[in-house]
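**Q** Mind the numbering: the sequence shown is residues 136 to 514 in the numbering used here, read in order.
C-beta atoms are modelled at their ideal positions from N, C-alpha and C, and glycine is treated no differently.
Model, not experiment: these values are computed from the prediction.
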Amino acid sequence: MCGLWFNIVQHCLYLLVKNHSQKMLSILQNRYLRNMILLRKILFPFAILYGLITAIRNWFYDNGILKSNSFPIPIIAVGNLSVGGTGKTPQIEYLIRLLSPTYKVAVLSRGYKRKSSGFLLADYSSTAESLGDEPFQLHQKFPTSQVAVDANRKNGIERLLALQNKPDIILLDDAFQHRKVKAGFYILLTAYNDLYADDYILPTGNLRESRSGAKRANVVVVTKCPPTLSETEQTKIRQKLNLLAHQELFFSAIQYDENLHSENENRTINSFKNTDKLLVAGIAKPKPFFNHLQDGNDEELEFPDHHDFTENDIQTIQKKSKNKPIITTEKDFVRLKGKVNPAQLFYLPIQSVFLSNGENFNKKINNYVEQSTGNRSVS
C-alpha cells in the first residue's frame, strides 16, 4: 500500500514538473542570480576548509610524502587554477600545430562527461559520447596525432608508452592539479576577464586551489585578451600576477575563422550577413561567440558547458531555427552532428594567437622538448 501511494505521489510530482518545468527553471535561475553573492559569502568558511585541504595535499606532494610519478618522455601540462572557461582546448591545439610537424604528439585528457570509463585511445569508431566532446574534436581535427582519455593520468601515460607506435611527446589537458604525474613543463592559463589573482577558493570563488599554486607554472598565459590590449594594461596585469623570477608571462587572444564550416561546405561569415540565424552555444562563456556573430534578428540559444543534447533540446533547436541556418561552436558541433539537419548546421572554428612574443613562447616549448631526456631517441 505504501509503495502504491509513493508511486502516485511520484507520478503527480513528475506531471507537475513536466508541465511547469520552464516556469520553475526561470524562477530558480532568477533567485540564484539574486542570491549568488550572498550565498558565496555564507559559504566562506567552507572555502577556508577547502583551501586548507588542498594546501595540505600540495604540501605532501611538494615534500615527497605523496609520490609524483615522472616519465622518460617530454610531458607538457596545460591547465588553470579556476573552474572552466580559460581556453585550454585552443591552447592544446596551438601546441599540436607547433610540435606535430616534427614529433609524434599524443594528447591525454580525462574525457569530461564521456559515457565510457578507463583508458580509451581514439580510433575510427570513437564518438563524442565515448571520448568527450573536446577530445573527440581534437581527434577529428588532428587525425595524425594520438588522442586518449583516462581519468587516471598515470595509467593513461603508461598505456600510451606501451603502444607499438608510442608518442614522442604527451600533452596533458586540464592536468594542473593532477599531482600524481609530474610533468616536465607546466602552462597555466588565466582568462583576461577572470584573473586568478582576483578570485577566491571554491565555493566562495572559482579557484580549485589557492593562488599560490601558480608557482608550479613554467609560463602563465593570459587568455581571451582584447586584440588591442595596450602595453600599459599588460604591465598592470603583470604587476597584479607578480610572477616568480623564472616564470614568463604571455598574452593571447581568440582569433575567429573567417569561414563557417559544415559537413559539406565552407562559407564566409559575410555570406550570412542580413540572414536570420539561430546561434547555439553550450560553452562556459558564450557571450563573445554570440557577439562576434550577432546580426539583425538572430536568435541566441544557450546551454550549459559540455551539455549533452537531449531529444527535447534538439526539438527546441529545430523549432526555433524555423529552417534558418544554425551556427554553433566547434565543440558543440561534434555533439550536434547527426542530430540536426546537416544543411542547416555550421560551426565557427577558433584559434589561440599571441599578441606579442609568440616566437619566444615557441622557443621555450621547443627548447624544453629538445633538452628532455626522453627525446634523445627521436630521429
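1. In whole angstroms, what separates the C-alpha of E505 from that of D303?
2. Note down the Cα distance separating Y331 from Y321, rounded to an integer number of angstroms.
3. Excluding five sequence neighbours on each side, which residues of the same chain lie with their C-beta closer than 7 Å to the C-beta of H274?
4. Would you report the Cα separation of N447 and L233, rounded to the nearest angstrom?
5. State the Cα-Cα distance for the pair N87 and K289, rounded to the nearest angstrom.
6. Determine the closest residue to K315 out of R470, K202, I188 and R351, with distance taken between C-alpha atoms.
7. Spatial neighbours of G417 within its chain, please: CB distance less than 6 Å, with the 5 preceding and 5 following residues excluded, ordered by chain position.
8. Hey, quick one: how far does the beta strand (DSSP E) through A419 stretch, first residue to last?
9. Starting from Q390 and walking both ways along the alpha helix (DSSP H), at which residues does that stretch end?
10. What first and last residue would you give for the alpha helix (DSSP H) that runs through L295?
11. Under DSSP, the alpha helix (DSSP H) around A263 begins and ends at which residues?
12. The alpha helix (DSSP H) that contains T367, what's its start and end?
13. Which class does L160 belong to by DSSP, given the choice of helix, strand or coil?
14. With 16 other CB atoms within 10 Å as the buried threshold, where does D333 fall?
15. Would G348 and N193 qualify as a contact pair, given that the criterion is a beta-carbon distance under 8 Å?
16. Can at least three beta-carbon pairs, one atom from the stretch 293-309 and one from the stretch 240-259, be found at a separation below 8 Å?
17. Would you call the CB atoms of A352 and L490 closer than 8 Å?
18. Using the rule of at least 16 other Cβ atoms within 10 Å of the residue's Cβ for burial, across every protein chain shown, is F195 buried or exposed?
19. Have a look at R249 and V356 and give me their C-alpha separation to the nearest angstrom.
20. Count the C-beta pairs between the stretch 215-235 and the stretch 370-377 that are closer than 8 Å, then say yes if the count reaches three, no if not.
21. Would you give the residue range spanned by the alpha helix (DSSP H) that S456 belongs to?
22. Give me, in chain order, the residues of the same chain whose beta-carbon lies closer than 7 Å to that of G186; leave out the 5 immediate sequence neighbours on both sides.
23. Which residue's Cα is closest to the Cα of I461: L480, K350, K455 and V469?
24. Could you check where the beta strand (DSSP E) with Q281 kicks off and where it finishes?
**A** A quick look at the data gives this:
1. 11 Å
2. 16 Å
3. A257, S261, L266 and V282
4. 41 Å
5. Summary: the structure shown does not reach residue 87, with the chain confined to residues 136 through 514, and so no result is reported for it.
6. K202
7. F438, H442 and D467
8. Note, A419: premise wrong, no beta strand (DSSP E); not H, not E.
9. Q390 -> not in any alpha helix (DSSP H); beta strand (DSSP E) instead, spanning E383 to Y391.
10. R288 to L296
11. A263 to L266
12. E366 to L376
13. Summary for L160: the model assigns pLDDT 37, below 50, so the residue's position carries little reliability, and this model does not support an answer.
14. exposed
15. yes
16. yes
17. no
18. exposed
19. 28 Å
20. no
21. E446 to S456
22. I336 and S345
23. L480
24. Q281 to V284
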